[in-house]
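These notes concern the structure reproduced below.
Numbering (our numbering), first residue to last: 5 to 359.
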């Protein structure tokens with residue numbers, strides 16, 4: 005029990021600290037692909053997936069642990085991931101992003117986090133569970149990509165690494181735009197930990213390594229898996245309501261660690277501040293958090309569980325979920341960002357012509 009608590013908190017604190025300090029945000033990355041035509045954060049995600057995948061299958065090859073063949077619901081994964089993508093834009097952060105932004109003092113993220121956990125619990129063990137099971141009973145297929153394609157898994161990893169290296173190299177060759185920076189206040193380790201800016205690609209390597217560490221840490225407690233946010237978030241709600249101690253596992257301490265790590269990073273960099281949202285943000289946080297909980301439960305994972313971990317495990321579930329949640333994020337980004345921008349531009353043009 006002690007090791008489960010300690011190991012879960014260690015991985016969570018590392019992840020929360022790194023994500024808060026580097027602003028590793030998949031929601032912003034998915035949004036920027038459409039709104040700003042900027043793919044840098046998506047390429048960073050590919051780096052994190054590649055790093056984790058190489059390490060993961062090395063550990064499997066060495067016999068540290070085994071990954072059992074699994075199936076997944078194709079229809080539920082597509083629909084759920086799309087709904088989840090809508091939710092993260094409304095909530096202003098994905099599952100992990102919501103946890104670490106709550107650690108910064110954002111009340112809107114707290115609201116989204118509560119709705120996320122509650123709706124996930126309702127889907128997994130509450131009145132909406134029959135609906136989830138009904139949808140997920142259709143199109144259940146093998147998730148093992150190497151097995152269904154009849155190719156060695158290392159060939160798939162090689163393709164991923166080559167594609168990632170191509171886009172990363174291409175991006176790094178582009179002319180750099182000078183970004184104004186505040187005058188350095190600290191020196192030494194304090195500067196490195198709490199003030200220095202980091203490139204998204206460097207952050208991605210760190211996230212990939214932490215995601216890899218999560219596997220043996222989790223396995224050592226009897227839970228075979230990597231990072232996961234949705235089920236632990238739902239388990240916290242269920243435990244608080246029922247008091248069922250069997251719901252407490254490594255994943256719960258992981259997500260609590262993300263919150264703690266983010267709080268430490270935000271306090272150390274003087275970025276922690278309680279911020280009360282306006283009514284529009286509260287509305288979006290409520291709806292977004294609910295969509296995240298429903299979507300992630302239906303899809304069997306969030307942007308971390310499916311988008312980072314299942315993809316690294318060369319699972320069809322991850323590679324089907326990832327584009328689905330991106331399309332969901334783009335769909336909602338149109339209404340939140342693109343459509344209002346076009347309306348302002350049209351209004352400006354009409355005003356200019358009338359002068």
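Heads up, the beta-carbon is just placed ideally off N, CA and C, and yes, glycines get one too.
Here the structure is a predicted model, which means the values were calculated and not measured.
Quick check on the DSSP output: the beta strand (DSSP E) that includes residue i runs from which residue to which?
i, result
"residue 76", "75-77"
"residue 144", "144-146"
Please report the residue range of the alpha helix (DSSP H) in which residue i lies.
i, result
"residue 150", "149-153"
"residue 203", "Segment: none, residue 203 is in no alpha helix (DSSP H) and carries neither H nor E."
"residue 431", "The shown model of the chain, from 5 to 359, leaves out residue 431, and the question about it has no answer."
"residue 2", "Given that the chain is displayed from residue 5 to residue 359, the structure contains no residue 2 and the question cannot be resolved."
"residue 188", "Looking at the DSSP string, residue 188 is not in any alpha helix (DSSP H), and its letter there is neither H nor E."
"residue 327", "320-337"
"residue 52", "44-65"
"residue 317", "Here residue 317 belongs to no alpha helix (DSSP H), and DSSP marks it neither H nor E."
"residue 174", "157-176"
"residue 199", "It is not in any alpha helix (DSSP H) - residue 199 carries neither H nor E in the DSSP assignment."
"residue 257", "254-272"
"residue 131", "Per DSSP, residue 131 belongs to no alpha helix (DSSP H) and is neither H nor E."
"residue 238", "234-246"
Do residue j and residue i have their beta-carbon atoms positioned less than 9 Å apart in this structure?
i, j, result
"residue 230", "residue 215", "yes"
"residue 37", "residue 330", "yes"
"residue 35", "residue 337", "yes"
"residue 81", "residue 303", "yes"
"residue 150", "residue 318", "yes"
"residue 310", "residue 141", "no"
"residue 212", "residue 56", "yes"
"residue 23", "residue 207", "yes"
"residue 273", "residue 25", "yes"
"residue 175", "residue 288", "no"
"residue 335", "residue 91", "no"
"residue 129", "residue 242", "yes"
"residue 234", "residue 254", "no"
"residue 152", "residue 320", "yes"
"residue 290", "residue 117", "no"
"residue 18", "residue 312", "no"
"residue 94", "residue 279", "no"
"residue 61", "residue 155", "no"
"residue 107", "residue 276", "yes"
"residue 369", "residue 87", "As displayed, the chain neither begins before 5 nor continues past 359, which places residue 369 out of reach and without an answer."
"residue 187", "residue 195", "no"
"residue 193", "residue 139", "no"
Going by alpha carbons, who is nearest to residue i out of the options?
i, options, result
"residue 167", "305, 53, 15 and 8", "53"
"residue 134", "317, 251, 301 and 344", "301"
"residue 70", "88, 227, 97 and 279", "227"
"residue 180", "290, 169, 203 and 190", "203"
"residue 13", "5, 262 and 281", "262"
"residue 360", "24, 114 and 58", "The chain is shown from 5 up to 359; residue 360 falls before or after that span and cannot be answered."
"residue 7", "223, 62 and 24", "223"
"residue 5", "252, 236, 195 and 19", "252"
"residue 162", "59, 131 and 109", "59"
"residue 10", "278, 288 and 264", "264"
"residue 306", "242, 17, 238 and 109", "238"
"residue 173", "205, 119, 132 and 196", "205"
"residue 292", "51, 277 and 112", "112"
"residue 103", "353, 33 and 267", "267"
"residue 199", "21, 16 and 15", "21"
"residue 47", "342, 171 and 345", "171"
"residue 72", "314, 332, 356 and 347", "314"
"residue 51", "165, 159 and 283", "165"
"residue 285", "136, 139, 354 and 340", "340"
"residue 33", "191, 66 and 326", "326"
"residue 308", "236, 137 and 64", "236"
Identify every residue that forms a DSSP beta bridge with residue i.
i, result
"residue 279", "110"
Under 8 Å, with one C-beta from each stretch per pair, do the stretch 70-87 and the stretch 134-151 reach the 3-pair mark?
Segments in contact, yes.
With a threshold of 8 Å, are at least 3 pairs of Cβ atoms found where one atom belongs to the stretch 287-303 and the other to the stretch 122-134?
yes
Quick check: the stretch 17-30 against the stretch 97-108, are there 3 or more CB pairs under 8 Å?
yes
Inter-stretch contact at 8 Å, needing at least 3 Cβ pairs: the stretch 241-259 / the stretch 218-225:
yes
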